[in-house]
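Each residue of the sequence shown is one higher than the one before, starting from 1 at the first, in the UniProt record's numbering.
From the three backbone atoms N, C-alpha and C, an ideal C-beta is built for every residue, glycine too.
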Amino acid sequence: MTTTRPPVTLDDVRAAAGRLEGVAHRTPVLRSRTLDALVGAEVHLKCENFQRVGAFKFRGAYHAASRLTPEQLARGIAAYSSGNHAQAVALAARELGTTAVIVMPEDAPPSKRAATEGYGAEIVTYDRYTGDRVAVAEALAAERGLTLIPPYEHPDVIAGQGTAALELIEETGELDVLLAPVGGGGLIAGSATAVKGLCPAARVIGVEPEAGDDTRRSLAAGHRVSIPVPRTIADGQALHTPGELTFSLNRRLLDGVVLVGDDEIRDAMRFAFERLKIVLEPSGATALAALLTGRAGALRGRVGAILSGGNVDAGRFARLCGPGG
């Protein structure tokens with residue numbers, strides 16, 4: 001009997017790591033005695049807030065763009081994103097000597113829009129509550145002859161994102177549990193591919209904001225479901241349905257998804273700032289929030305968590321984490 005090769009494998013993640021070597025940062029892994037004591041396990045935090053563009057997204061964007069043909073690169077690339085993937089594609093395009101056009105919601109954080117433009121990309125906006133960003137981006141790409149690099153629905157993007165977990169395991173040794181945020185599902189799909197390939201007995205747990213639990217609901221239903229566009233401080237996870245490709249991987253690889261509230265995300269951001277001396281954006285703090293609240297259940301052994309990004313401007317950070325935030 002023949003077996004179907006998964007769309008993304010451990011070998012794909014390893015190959016992506018090779019292409020990213022010397023381009024993406026090998027981000028630090030932090031420890032906290034206080035966190036270990038609270039969780040009751042040995043916790044290792046993979047700090048993707050120190051990645052280029054301030055988030056894990058650069059891994060997948062650069063990896064996918066680097067595999068395009070010279071002809072595709074000459075025509076340029078396009079993407080749609082609420083922020084971090086936009087910056088990642090913009091920087092990847094600059095690094096590879098091409099141009100990028102980014103479809104971005106009108107209400108994207110000003111810091112993310114400014115950073116994207118700073119990398120040289122052109123921005124086209126849409127209304128996230130009434131518009132279809134995929135349709136806008138696909139029409140734009142077709143009109144201008146651009147190659148579209150989606151934020152998560154692409155094997156090369158997923159393989160690139162998985163290199164964060166691969167590095168974590170290379171540094172810490174085998175994991176017993178990995179926690180990672182879930183938005184479109186690319187980070188956790190790539191991470192789970194690496195973890196399950198190297199540590200078959202490990203559990204992989206996704207973390208979503210309470211208002212944006214589309215993946216949790218989809219896993220429970222056994223198929224993709226849609227929810228109203230989430231209103232949450234975790235703007236990087238404000239999606240209404242999982243990706244088709246990422247869900248096909250995650251339904252096979254994930255051991256569960258847990259939810260955290262906006263107030264718990266704020267508490268995790270404060271903990272990271274006060275105890276770890278790092279700045280996390282709301283989506284970057286959801287895995288930490290799951291650890292601090294115990295939402296991931298009783299944990300033992302070696303636990304990894306991916307802190308996915310730190311792109312939040314000073315004003316918003318103060319509003320979220322200051323008194324009354």
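Cβ distance (whole Å) where residue i is taken to contact residue j below 8 Å
{"i": "residue 102", "j": "residue 121", "result": "5 Å"}
{"i": "residue 247", "j": "residue 224", "result": "5 Å"}
{"i": "residue 154", "j": "residue 64", "result": "6 Å"}
{"i": "residue 185", "j": "residue 242", "result": "5 Å"}
{"i": "residue 285", "j": "residue 268", "result": "4 Å"}
{"i": "residue 44", "j": "residue 26", "result": "Not a contact, Cβ separation roughly 14 Å."}
{"i": "residue 327", "j": "residue 193", "result": "As displayed, the chain neither begins before 1 nor continues past 325, which places residue 327 out of reach and without an answer."}
Residue environment, residue i, which counts as buried when at least 16 other CB atoms sit within 10 Å
{"i": "residue 1", "result": "Here the model assigns residue 1 a pLDDT of 49, short of 50, so the residue's position is not dependable, and the following value carries that caveat. Looking at its Cβ environment, which holds fewer than 16 other Cβ atoms inside 10 Å, residue 1 is exposed."}
{"i": "residue 134", "result": "exposed"}
{"i": "residue 218", "result": "buried"}
{"i": "residue 277", "result": "exposed"}
{"i": "residue 232", "result": "buried"}
{"i": "residue 304", "result": "buried"}
{"i": "residue 309", "result": "buried"}
{"i": "residue 220", "result": "exposed"}
{"i": "residue 302", "result": "buried"}
{"i": "residue 208", "result": "buried"}
{"i": "residue 110", "result": "exposed"}
{"i": "residue 344", "result": "Absent from the structure is residue 344, since the part of the chain shown begins at 1 and ends at 325."}
{"i": "residue 200", "result": "exposed"}
{"i": "residue 85", "result": "buried"}
{"i": "residue 206", "result": "buried"}
{"i": "residue 181", "result": "buried"}
{"i": "residue 315", "result": "exposed"}
{"i": "residue 163", "result": "buried"}
{"i": "residue 298", "result": "exposed"}
{"i": "residue 160", "result": "buried"}
{"i": "residue 274", "result": "exposed"}
Residues bridged to residue i (per DSSP)
{"i": "residue 125", "result": "104"}
{"i": "residue 80", "result": "103"}
{"i": "residue 306", "result": "46"}
{"i": "residue 256", "result": "205"}
{"i": "residue 147", "result": "77"}
Which of helix, strand or coil DSSP assigns to residue i
{"i": "residue 221", "result": "helix"}
{"i": "residue 98", "result": "coil"}
{"i": "residue 331", "result": "Missing from the structure shown is residue 331; the chain here goes from 1 to 325 and no further."}
{"i": "residue 301", "result": "coil"}
{"i": "residue 9", "result": "coil"}
{"i": "residue 404", "result": "The structure shown has nothing for residue 404, since the chain only spans 1 to 325."}
{"i": "residue 265", "result": "helix"}
{"i": "residue 234", "result": "coil"}
{"i": "residue 250", "result": "helix"}
{"i": "residue 283", "result": "helix"}
{"i": "residue 330", "result": "The shown model of the chain, from 1 to 325, leaves out residue 330, and the question about it has no answer."}
{"i": "residue 212", "result": "helix"}
{"i": "residue 16", "result": "helix"}
{"i": "residue 293", "result": "helix"}
{"i": "residue 197", "result": "helix"}
{"i": "residue 110", "result": "helix"}
{"i": "residue 322", "result": "coil"}
{"i": "residue 312", "result": "coil"}
{"i": "residue 288", "result": "helix"}
{"i": "residue 116", "result": "helix"}
{"i": "residue 274", "result": "helix"}
{"i": "residue 244", "result": "helix"}
Residue i: CB within 6 Å of a non-hydrogen atom of the ligand FAD
{"i": "residue 175", "result": "By its list of ligands, the structure shown contains no ligand whatsoever, and the ligand FAD lies outside what it can speak to."}
Query - Runs of alpha helix (DSSP H) wholly within the stretch 18 to 91 (minimum 4 residues, chain order) - result: With a minimum length of 4 residues, the continuous alpha helix (DSSP H) runs that stay inside the stretch 18 to 91 are 33 to 39, 57 to 66 and 70 to 75.
**Report entry** Unbroken stretches of the beta strand (DSSP E), 3 residues or longer, contained in the stretch 164 to 192
**Finding:** 177 to 181
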